[in-house]
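Read in order, the letters of the sequence shown correspond to residues 1 to 266 in our numbering.
For each residue, glycine too, the CB sits at the ideal point set by N, CA and C.
This structure is a prediction, so every number in the text was calculated from the model and none was measured.
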Amino acid sequence: MKRLEGRTALVTGAARGIGAATARRLASEGARIVVGDLLDELGAKTAAEIKDAGAQAEYLCMDVTREADWSAACQMAQSRFGGLDILVNNAGVVFPASIDETSLDDWRRTHAVNVEGVFLGIRTCTPLLKEGGRRWPGGAAIVNLSSVAGLVGSPRMPAYSASKGAVRLLSKSVALEFGQKKYPIRINSVHPGVVDTDMGQIVVDLVKKRSVTDEAAARALLVALHPIGRLGKPEDIANAIVFLCSDDAAFITGSELVVDGGYTAQ
Ligand SMILES: NC(=O)c1ccc[n+]([C@@H]2O[C@H](COP(=O)([O-])OP(=O)(O)OC[C@H]3O[C@@H](n4cnc5c(N)ncnc54)[C@H](O)[C@@H]3O)[C@@H](O)[C@H]2O)c1
Numbered sequence: 001m002k003r004l005e006g007r008t009a010l011v012t013g014a015a016r017g018i019g020a021a022t023a024r025r026l027a028s029e030g031a032r033i034v035v036g037d038l039l040d041e042l043g044a045k046t047a048a049e050i051k052d053a054g055a056q057a058e059y060l061c062m063d064v065t066r067e068a069d070w071s072a073a074c075q076m077a078q079s080r081f082g083g084l085d086i087l088v089n090n091a092g093v094v095f096p097a098s099i100d101e102t103s104l105d106d107w108r109r110t111h112a113v114n115v116e117g118v119f120l121g122i123r124t125c126t127p128l129l130k131e132g133g134r135r136w137p138g139g140a141a142i143v144n145l146s147s148v149a150g151l152v153g154s155p156r157m158p159a160y161s162a163s164k165g166a167v168r169l170l171s172k173s174v175a176l177e178f179g180q181k182k183y184p185i186r187i188n189s190v191h192p193g194v195v196d197t198d199m200g201q202i203v204v205d206l207v208k209k210r211s212v213t214d215e216a217a218a219r220a221l222l223v224a225l226h227p228i229g230r231l232g233k234p235e236d237i238a239n240a241i242v243f244l245c246s247d248d249a250a251f252i253t254g255s256e257l258v259v260d261g262g263y264t265a266q
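Dropping the structure here:
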């Protein structure tokens, strides 16, 4: 039997990048997937790929900053797949800028998606996850995407860093509350290093601009920050998320799983 057979997962920001890789890996372990995103074409493609591989998936156009969209996501999980066992709060945005160039609008946009989106997701999905979690030895699981930027400072990303730091402690606070209330839901944060996705390219472009250099040299500068000798792949992060969602992680809650090729070890 596959590790996540019989479970339903909602992954936000699953149209591309880490979210799409996570949706595919969860499905390969037997989970049914609600693919949530704003990018309809890519989101539908992710869902179609999962179905072509023999698993079940539905795309839902959802904006994580809208409460009504979270209710719709829960309704879809309930009506289409009979409940919810896993929530991966992956949707995220970054608008790099120095502190003096960060507009209040960009600060608010960043926090609306990266922090309020996670808060709304946890709050809206908890009733379904409570029910789902009673069926599994390791309970239901919430995984929140933070970043190395939520652990150590990242220059020229004040709004992003603040938002990812908030995700880290939001996760711990709720883990303690769920433990006290005996809810069968574990909640953890994941902290990737630089991963080769559209968002990763924004980081490469930032280094290019800051160091006045070309693509290859900018990538080499970023690789040098990762002792393992390369940037992350979406699948590296997806594998860690699948572990946290599985019963193999039954005793893990309120923790931060760093998946950064050694970035923060130095
Ligand atoms: N790529 C990296 O280097 C890196 C490093 C550390 C952490 N992360 C985090 O991992 C997560 C995924 O990053 P990625 O690299 O795959 O990024 P990405 O930009 O490739 O994908 C992000 C996805 O989120 C979706 N999204 C954005 N705003 C949304 C909203 N309001 N509602 C619904 N969906 C929305 C986008 O449409 C996109 O499909 C993010 O939370 C990011 O902060 C990424």
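| Asked | Found |
| --- | --- |
| Measuring from the CB of D205, is there a heavy atom of ligand 1 at a distance below 6 Å? | no |
| Pull up the DSSP beta-bridge partners for N188, would you. | V143 |
| So D37 is in the beta strand (DSSP E); what residue range does that whole segment cover? | R32 to D37 |
| Give the secondary structure of N114 by DSSP, where H, G and I count as helix, E and B as strand, and everything else as coil. | helix |
| Measure the Cβ-Cβ separation of K130 and Y59 and say whether it is below 7 Å. | no |
| Please check the pair V242 and R25, which I expect to be a contact at CB under 8 Å, by giving their CB distance rounded to whole angstroms. | 5 Å |
| Answer yes or no: do S173 and S146 have a C-beta to C-beta separation smaller than 7 Å? | no |
| Just the C-alpha distance for H226 and V148, rounded to the nearest angstrom, thanks. | 11 Å |
| Measure the C-alpha to C-alpha separation of M76 and T213 and round it to an integer number of angstroms. | 47 Å |
| Contact between the segment 5 to 14 and the segment 90 to 98 is defined here as three or more beta-carbon pairs at a separation below 8 Å; is this criterion met? | yes |
| Name the two residues that bound the continuous beta strand (DSSP E) containing R59. | Note that residue 59 corresponds to Tyr in the displayed sequence, not to Arg. Where Y59 is concerned, the enclosing beta strand (DSSP E) stretches over A57 to C61. |
| Locate the alpha helix (DSSP H) running through A15, then write down its first and last residues. | No alpha helix (DSSP H) holds A15; DSSP gives it neither H nor E. |
| Roughly how many whole angstroms lie between the Cα atoms of A224 and P127? | 44 Å |
| Applying the criterion that 16 or more other CB atoms from any shown protein chain within 10 Å of the CB defines a buried residue, is I99 buried or exposed? | exposed |
| Is any non-hydrogen atom of ligand 1 found closer than 6 Å to the C-beta of N90, if you look at the structure I gave you? | yes |
| Between S163 and N239, how many whole angstroms is the CB-CB distance? I'm expecting something under 8 Å. | Wrong, their Cβ atoms sit about 24 Å apart, outside the cutoff. |
| Name the DSSP beta bridge partners of V280, please? | Coverage of the chain is limited to positions 1 through 266, which leaves residue 280 absent and any answer about it impossible. |
| For the alpha helix (DSSP H) containing E5, name the first residue and the last one. | Looking at the DSSP string, E5 is not in any alpha helix (DSSP H), and its letter there is neither H nor E. |
| Pick from A23, G30 and G54: whose alpha carbon is nearest that of G43? | A23 |
| Given that a residue counts as buried once 16 or more other Cβ atoms are within 10 Å of its Cβ, and exposed if not, what is F251? | exposed |
| Could you pull the DSSP bridge partners for G138 from this structure? | Bridge partners of G138: none, in fact. |
| Assign A47 to one of two classes, buried (16 or more other C-beta atoms within 10 Å of its C-beta) or exposed (fewer than that). | buried |
| Check for me: the alpha helix (DSSP H) holding L176 runs from which residue to which? | P158 to K181 |
| Quick one, which of R3, R7, T8 and A9 has its alpha-carbon nearest E29's? | R3 |
| For S246, collect the residues of the same chain with a Cβ closer than 6 Å to its Cβ; drop the 5 residues on either side in sequence, then sort them by chain order. | R3 |
| I'd like to confirm the pairing. Which residues does DSSP put opposite G153 in its beta bridges? | Bridge partners of G153: none, in fact. |
| In the DSSP assignment, find the beta strand (DSSP E) that holds V258 and state where it starts and stops. | E256 to V259 |
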